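Asks: Starting off with a structure, shown below.
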Amino acid sequence: MRDFLQILLVGIGDGAVYAMLGLGLVVIYRSTGLLNFAQGEMAMFSTFIVWTMWSLGLPMWLAILGGMAGGFCVGALVHQVAVRPVGDPHEKPLAVVIVTIGLFLGLNGAAQLIWGTLDRSMPPLFGRGQVTVFGVAVAWQKIGAVIVLGVMVLLFYLLFQHTKLGLAMRAVASNSESASLVGIPVPRLLMLGWGLAAAVGTVAGVFIAPNLGLGTNLMQLTLIFGFAAITLGGFDSLVGAVVGGFVVGALSSVMPRYITIFEKMPLAPAFILILAVLLFRPEGLFGKKQVTRV
Amino acid sequence: MSATATTGASAHRSPGDWALKVAPWVVLFVILAIVPFQFPSFRVEQFCFWMTLAIAACGLNLLTGYNGQISVGHGALFGIGAYTTGILITEFGVPLFGATVASAVLCFATGILIGLPALRIKGLYLALVTLAVATLFPLLLEQFSAITGGSGGLQITSPQLYRGEMRERPIRLESPVAGLENDQWKYFVFLGITVVIFILSRNLIKSRVGRSLVAVRDNEVAAESSGIPVSQVKIVTFGLSAAIAGIGGSLFALDQGQLYPSSFTIVLSIYILVAVVVGGAASIIGPAIGAVFYGLFSDVIVQQMPDRIQPARAVILGVLLILLMLLAPGGIVGGFRTLQAKWSARRSSALNSGPDPIV
Amino acid sequence: MKKTSVQVSAALLLGFALIGGACGGRDDSSSSESTETTASDSTEAAFIDPAADCTDYKGTQGVTGDTIKIGTVRPESGSYAIYDNVTKGLEAYFKSANAAGGLPAADGKKYQVELIKKNDEYDPAKTPALVKQLVEEDGVFALVGNIGTETNKSVRDYLNENCVPNIALATGSTQWGDANAYPWYISGLPSYATEANAWISYLEEVNPTAKIALLYQDDDFGQSYKAAIEKAIEGTKITLVGEEGFNPLAGSTTEASVAKLSQSGADTFIVGVGGTACPLTLSFVPTTWTPMTMISVTCASKTALALAGGKDEGVYMAQPTLDPADPADQTNPKVVEFATQGAAAGLDEAQIQGGIASVGWGFGSMFALGLKNATTVDRAAVMNALYSLKDTTFGLIRDEVTVNTDGAKDPWAIEGFRIVQRENGAWVEKAPVTNEEGKSNSFAGQ
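Protein chains in written order, with the UniProt record's numbering: chain C, 1 to 294; chain W, 1 to 359; chain P, 1 to 446.
Following this line, the structure appears as structure tokens:
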């Protein structure tokens, strides 16, 4: 029982990070209606920005803010230059998939060009310390991840529910045509959404990098966990991303330890989730039902 | 001569035009025939690899280009073909190309299986699922390392006479033609298979079945109401596409003689997709052009660059993909067609406006 | 229509193949510059006899005038790029030797080394094309210091069939013990099985009823440890109470595995993983679990342990070489030579102290030893020299470690370890070097 708890706690901590990545994916899905396959690479890129600032001697929290700002610019730029000109993702899905894959390759290559190919090491934000609760050791880093996630969700809630900007963004998400009719600057808000998503990804990267090592392949598998989280939670639901993140984190930590067939595939439970949810409940746990346009 | 060649539709069948149409193919075939004699054997093996990629891209093109179902996971099907071939040869002593046929059949069945959920999961969501499949596939190979060899690789061997005794040795395609070395023989066998597959898929696209593929892509509801069995068409297309990708994978196995999970990561799936898009989705020859373009780019040009700036390869590919989508969604073939159309429009307008045609 | 177009193009293809064959010839540039030699004229029956074993033997390919072309394949990018430092050390060795006039050979000449590097990203799927390019296009004499087990395995048949030496493999997989079948390969590291055996021998001494929790990398490297440990504890009171495989490609950390092992009741923790996953594993050990921890030699460099977040204090390892970062070793002439000449050849302080470049330096020195001992400058002669080393040393091998090889009977050069414990960034000796001459292959488990 205690070993189960110990492993479950590892999974909950990982889940918080998947949820952070998921939040970014949800924000982009809500604003532009697309699944951003380059989200992981955007997060990797801005995590490298954090690393650069930190290794230049800035305190970690300042480096993270800098990285988020950098990530915001990358996200906004990417939207303006590549995503917006392609058009509606549900009318031209192939073109959009190709563009996000192009971004994936481009950002990955650019990071390798700028920062080289050696894995960098980054210190954990909350140190390597642990606390013992009921005989089970929990790393401060894990507790920190859950708290930071909580703060992020709160900020998003305040933004979307209690600010004019958030209201406008929600209007764009629900119907961009009528939003632009009432004078909301739709393209600028979409750009904002992309920037925001990339900034959020930075935080996910900052939590993953100390354990996986900061390399350009930091996010390639983690992204699938993030997608599993939002598929389960519902592509357009922030709460869903959080719940989904925890479920995916717990499953992918526990199942490989107890079920032989998953031993070398922590990704498999996430994949099964994606497939099952899309087949039987495409709107996920908390999402709105999609009406397919003909 | 110039006057007859440009005076309208009847001139199309004139021997001069026919020669113009055939000439590029003749040139292409001559080049393809000379190539293996001009390069060392490791290069020829690389050319064989490009052909396997072209075959897989041809399969993906049927599905994505003509039928509108997006797959970012064809690398996994390619991998299933490769591993089926490897295991059948090594464990069961199946003859080399017999294993290719079996791989195609198995991949067809797998394609059908994937095609079923794809009826419900469409567009971006299908891309997500296939992306997850592509990411999961190498891990599956690790999980079932008892059959696949895992990260230690699968050595494809057959019992051969070596130093006077029968031993398990790496497979090889022994050249039966004097004067052709083994790798050159392999090249021509592969080239033959590649050409046949491209011709067969061309014939398929030009047939009634092919037209229904396109009709389903363009508008499912309209296709349904004009009597096309949409579901069957989509499922069978998935099966066919998977079978062709499986043949590509099978040839890859025969080319390499050993298989590692690292060959079948998401990167492979992306490159197959790149070959389709760069060459030109929904054009027959496009995927082949894309595959050769990709091969030249990554195996020859990039290798010449200093190590430090080699990651530029990914940047160039990424930017190229985005530019293609924004400026020339038809890829190389599409761009060429547009140019051709512009040129013939200019030519006909020149004909109408004045007596001095540009030829 | 369908059939005919297929038939026509098949016929065309065949026709063109014949035309192509007639009008173009393959230039065989690599063989033109090499002279065919029949056999090395050694007096004893040599281990390798190219006249009997090689069909198209090119014994001096890559040797022109007083230059020798050497190839090496390593990960310059990708997650294992940290091992690129091995190649930096190798390069520094050759640079330093070139500056000093070249590597001496038996023919009295000194040879300048031209090193051609290829980047395979530690990916065995990429290695064959690059190695073939090195052999067929660049025309190298030999490969030295190739990094990785699977990568080296992927070209083993090719190199042995073509009689191309692959010297000082940067891997200790037990597979390299099969010198009978693959005489053109010789490892530059001790066998992983011998290392595992050293751990268990020490445990038998200090904790004969040890309960081991094993974390192993689930590939040839980690499985070598696992199999050797299982074999070594047979007939002892030591038991394996928990084991977890780690797949470095699965996109997860070892954290959950460590969490499970921490609850297994073990008093000994063996970390059979490499790369950055190894020091991170140490950092994941919960404070509620305080086992005696043994780490792989591949993890023991200063560079790697810096990532352990301080949890490297107190860990044990089996150590065959000198550590340039260990104050106790820094006065050793081998370390002094490496530090001064390496710095002159362009290695920076971090690389010199890092403990990875010094391994590559050793590989260069192993090749130099082979060239010096060879009867002639010839591929087979160099291999035969390396397979008949007598009480010698090279690189940064500890002085107490004896280096002997004897063909297939004893293909391992380094077979001695001492046991050390980490204290304040240095290593404290816990058990002196035990040389297991000629026994390495017997330690390999199944």
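Heads up, the beta-carbon is just placed ideally off N, CA and C, and yes, glycines get one too. Every value quoted in this text rests on a predicted model; they were computed, and no experiment measured them.
P:V403 to C:L214, Cα distance in whole Å?
Replies: Roughly 39 Å separates the two Cα atoms.
Asks: Is it buried or exposed for P:R422, if we count other Cβ within 10 angstroms and need 16 for buried?
Replies: Here P:R422 is buried. Its C-beta has 16 or more other C-beta atoms within 10 Å.
Asks: Which residues in chain P sit within 8 Å of C:Q98, going by Cβ to Cβ distance?
Replies: According to the sequence shown, residue 98 of chain C is Ile rather than Gln. In chain order: nothing, as chain P lies at least about 24 Å away.
Asks: Is the distance from the Cβ of W:I244 to the Cβ of W:C58 below 9 Å?
Replies: In contact: W:I244 and W:C58 (Cβ atoms closer than 9 Å).
Asks: Ignore the nearest five residues each way along the sequence and tell me which others in C:Q130's own chain have a CB closer than 8 Å to its CB.
Replies: A137, V138, A139 and W140
Asks: For P:E437, name the three-state secondary structure that DSSP assigns.
Replies: coil
Asks: Assuming P:A170 and P:V359 make a contact with CB atoms under 8 Å, what is their CB distance in whole Å?
Replies: 7 Å
Asks: Got a sec? Which residues, its chain only, sit under 6 Å from P:F443 by beta carbon, not counting five neighbours each side?
Replies: A193, T194, N197 and A228
Asks: Which whole-angstrom value is the C-beta distance of C:L113 and W:A312, which I expect to be below 8 Å?
Replies: 6 Å
Asks: Between P:E436 and P:S201, what straight-line distance do the alpha-carbon atoms span, to the nearest angstrom?
Replies: 12 Å
Asks: Measure the C-alpha to C-alpha separation of C:M152 and C:R188 and round it to an integer number of angstroms.
Replies: 23 Å
Asks: Check for me: the alpha helix (DSSP H) holding W:V276 runs from which residue to which?
Replies: Counting along the chain, the unbroken alpha helix (DSSP H) around W:V276 starts and ends at I266 to G279.
Asks: Apart from the five residues just before and just after P:E429, which ones in its own chain have a Cβ nearer than 8 Å to its Cβ?
Replies: R418, I419 and V420
Asks: Under 7 Å Cβ-Cβ, which residues of chain P neighbour C:E263?
Replies: G245
Asks: Could you tell me which residues DSSP puts in a beta bridge with P:K118?
Replies: P:V73
Asks: Taking C-beta to C-beta, are P:I147 and P:N166 nearer than 9 Å?
Replies: no
Asks: Compute the distance between the beta-carbons of W:I193 and W:M305, then report whether it is under 9 Å.
Replies: no
Asks: Mind checking W:Q310: buried by the 16 CB within 10 Å criterion, or exposed?
Replies: buried
Asks: Could you tell me if C:H79 is buried or exposed, where buried requires 16 or more neighbouring beta carbons within 10 angstroms of its beta carbon?
Replies: C:H79 should be labelled buried.
Asks: Would you list, in sequence order, the uninterrupted alpha helix (DSSP H) runs of no fewer than 4 residues that lie entirely inside the segment 113-155 of chain W?
Replies: Runs of the alpha helix (DSSP H) inside the segment 113-155 of chain W: 123-143 and 145-148.
Asks: C:M255 by DSSP, collapsed to three states: which one?
Replies: In the three-state DSSP reduction, C:M255 falls in the helix class (H, G or I).
Asks: Could you give the distance in angstroms between the alpha-carbon of P:M1 and the alpha-carbon of W:I235?
Replies: Residue placement at P:M1 is flagged as unreliable, the pLDDT there being 41, under the threshold of 50; the coordinate-derived value follows with that caveat. Near 27 Å, if we compare the C-alpha coordinates of W:I235 and P:M1.
Asks: Go through its chain and collect everything with a Cβ distance to W:L63's Cβ below 7 Å, but skip five positions before and after it.
Replies: Q69, S71, T237, F238 and S241
Asks: Take P:T35 and list the residues in its own chain whose beta-carbon comes closer than 7 Å to its own, dropping the five residues that flank it on each side.
Replies: Only weak support exists for where P:T35 lies, its pLDDT of 43 falling under 50; the coordinates are left without a value.
Asks: Kindly identify the DSSP beta-bridge partner or partners of P:P104.
Replies: P:K110
Asks: What is the DSSP secondary structure of W:F188, reduced to helix, strand or coil?
Replies: helix
Asks: What residues are listed by DSSP as bridge partners for C:F4?
Replies: None, per the DSSP bridge assignment.
Asks: Over the uninterrupted alpha helix (DSSP H) stretch that includes P:T239, give me the two end residues.
Replies: Where P:T239 is concerned, there is no enclosing alpha helix (DSSP H), although the beta strand (DSSP E) it sits in stretches over T239 to F246.
Asks: Is there a C-beta anywhere in chain P that falls below 9 Å from the one on W:G79?
Replies: Among the CB atoms of chain P, none fall inside 9 Å of the CB of W:G79.
Asks: Which bits of chain W does P:Q133 rub up against, with CB to CB less than 9 Å?
Replies: Those are P40, F42, R43 and Q303, listed as they occur along chain W.
Asks: So the candidates are P:V86, P:S96 and P:L322; which of them puts its Cα closest to the Cα of P:A344?
Replies: Closest by alpha carbon: P:S96.
Asks: With a threshold of 9 Å between beta carbons, is W:A345 in contact with chain C?
Replies: no
Asks: At a CB-CB cut-off below 9 Å, which residues of chain W make contact with P:S224?
Replies: Correct list: empty, because the minimum Cβ distance to chain W is about 11 Å.
Asks: Label W:R346 either buried or exposed according to how many other C-beta atoms from any shown protein chain fall within 10 Å of its C-beta, with 16 as the threshold for buried.
Replies: exposed
Asks: On the three-state DSSP scale, how would you describe P:F269?
Replies: strand
Asks: Per DSSP, which residues does W:M305 bridge with? Please list them.
Replies: DSSP lists no partner for W:M305.
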